[in-house]
Amino acid sequence: MSWTAKTAFELGRVSNLPTAWTNTAAGMLLSGAAMADWRFPVLLLAMTSAYTGGMFLNDAFDAEIDSRQRPERPIPSGSVSKSSVFLSGFSMLAVSVFLVAICALSTNGGGWKAVMASIALCATITLYNAWHKGNTLGPVIMGACRLLVYITAGLSYTSTPDSLLYLGAAISLCYLIGLTYTAKQESLGEVRNMWPLLFLLTPIIFGLYGLSADKLVFLPLLLLVAWLLVVMRFLRRRGPGDIPRAVVSMIAGISLMDAVFIATTGSLAWVVFCIAGFLATIVLQKWISGT
1 MSWTAKTAFE LGRVSNLPTA WTNTAAGMLL SGAAMADWRF PVLLLAMTSA YTGGMFLNDA
61 FDAEIDSRQR PERPIPSGSV SKSSVFLSGF SMLAVSVFLV AICALSTNGG GWKAVMASIA
121 LCATITLYNA WHKGNTLGPV IMGACRLLVY ITAGLSYTST PDSLLYLGAA ISLCYLIGLT
181 YTAKQESLGE VRNMWPLLFL LTPIIFGLYG LSADKLVFLP LLLLVAWLLV VMRFLRRRGP
241 GDIPRAVVSM IAGISLMDAV FIATTGSLAW VVFCIAGFLA TIVLQKWISG T
């Protein structure tokens, strides 16, 4: 057994990392932060560590099931040991909390609220990985993970964030419920109930309302609607590989959702950042599996 960069990238599903970065940017801006400072790159590292650690733990907790269903994954294939993946995953979660504490407990930081939010994020990540198989609440718990990324990022800048932060976080929860429900059907080859996909409409409703506040919302909203139509085409066609394609497409769409959120704050540069994150996710998914 030996660790390689390829193995680490597969375990960490790093193709989806740009979506965690755009979540961080959205959390920062929705909180009311005037501008990014030294804390932003530190928070990017913190959320990278939390995301990657969570992905490592997903493989570690699912090792037995993967040995039957996905024997090519790093642990069942013998590339790495389950114990080393567990250790790496939990270590990265600890690093994430430490980095958030550096930001939040600084002179202008949000204080202990952010640290507690980061601990809650890591606890929720662990809960999901340990209890997502056969758990009807799995999509809600996964959505809570993303929700807490926004809140942790926002609270790292201020202890009294704008209410828009919590609204955006709640909408991300809804989107992730629809996404995760679809992902849980991946092994079945079809989505048997379509109604949970209605949750994907929540950022669109938010964007339509946001148009009255800033016309900048129009472009990212148009891109998000068009992209979700692509997702629905995959789900309705139900050909070989269409469900996984829909899932990774919805994951990439998270960055477009963030672009819609940020557009309501009037920040064109950060909207471009999120669209770039969307494109980067699509490109990276061609080399590293996003699910």
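Throughout the sequence shown, residue numbering follows the UniProt record's numbering, covering 1 to 291 in sequence.
The beta-carbon is built from N, C-alpha and C at its ideal position, and this holds for glycine as well.
Note that the structure is predicted; figures quoted are calculated from it, not measured.
Is the CB-CB distance between residue i and residue j below 8 Å?
i: Ser49; j: Ser96; result: yes
i: Gly207; j: Leu235; result: no
i: Trp3; j: Val115; result: no
i: Ile125; j: Gly54; result: yes
i: Val149; j: Gly210; result: no
i: Thr180; j: Met142; result: yes
i: Thr202; j: Ile171; result: yes
i: Asn129; j: Phe61; result: yes
i: Ile288; j: Glu10; result: yes
i: Thr19; j: Ala153; result: no
i: Ala144; j: Thr291; result: no
i: Gly277; j: Thr22; result: yes
i: Pro139; j: Leu197; result: no
Using the Cα positions of residue i and residue j, report the straight-line distance between them to the nearest angstrom.
i: Ala263; j: Val42; result: 23 Å
i: Asp242; j: Phe199; result: 20 Å
i: Leu99; j: Ser106; result: 11 Å
i: Lys215; j: Trp112; result: 36 Å
i: Asn58; j: Cys103; result: 27 Å
i: Asp162; j: Arg68; result: 47 Å
i: Leu45; j: Tyr157; result: 15 Å
i: Ala101; j: Phe40; result: 13 Å
i: Leu284; j: Thr160; result: 36 Å
i: Cys122; j: Val248; result: 23 Å
i: Cys174; j: Ser91; result: 29 Å
i: Asn108; j: Leu17; result: 27 Å
i: Val14; j: Asp66; result: 19 Å
i: Ile151; j: Gly239; result: 38 Å
i: Val230; j: Ser255; result: 16 Å
i: Ser77; j: Pro244; result: 22 Å
i: Ala226; j: Leu164; result: 25 Å
i: Ala94; j: Phe56; result: 13 Å
i: Lys82; j: Thr265; result: 44 Å
i: Thr281; j: Lys133; result: 26 Å
i: Ile205; j: Gly168; result: 12 Å
Taking only three categories from DSSP, how would you classify residue i?
i: Asp66; result: helix
i: Met35; result: coil
i: residue 292; result: The shown model of the chain, from 1 to 291, leaves out residue 292, and the question about it has no answer.
i: Met194; result: coil
i: Thr202; result: helix
i: Arg238; result: coil
i: Tyr157; result: coil
i: Ala74; result: Before going further, note that residue 74 is Pro rather than Ala in the sequence given. The answer is coil: DSSP assigns Pro74 none of H, G, I, E or B.
i: Thr281; result: helix
i: residue 312; result: What is shown of the chain runs 1 to 291, which leaves residue 312 out entirely.
i: Ser79; result: coil
If I follow the unbroken alpha helix (DSSP H) through residue i, where does it start and stop?
i: Thr4; result: Run containing Thr4: none; DSSP gives neither H nor E here.
i: Val217; result: That residue, Val217, is in no alpha helix (DSSP H); it is neither H nor E in DSSP.
i: Asn129; result: 112-131
i: Lys286; result: From DSSP, Lys286 is part of no alpha helix (DSSP H); its letter is neither H nor E.
i: Asn23; result: 17-30
i: Thr136; result: Thr136 -> no alpha helix (DSSP H), and no H or E assigned at all.
i: Ile243; result: 242-263
i: Tyr181; result: 163-184
i: Leu87; result: 82-104
Open item on the list: Three or more C-beta pairs under 8 Å: does that hold for the segment 219-233 against the segment 270-278?
Closed with: yes
Task: Given 8 Å, three or more beta-carbon pairs between the segment 67-79 and the segment 29-41 - done: no
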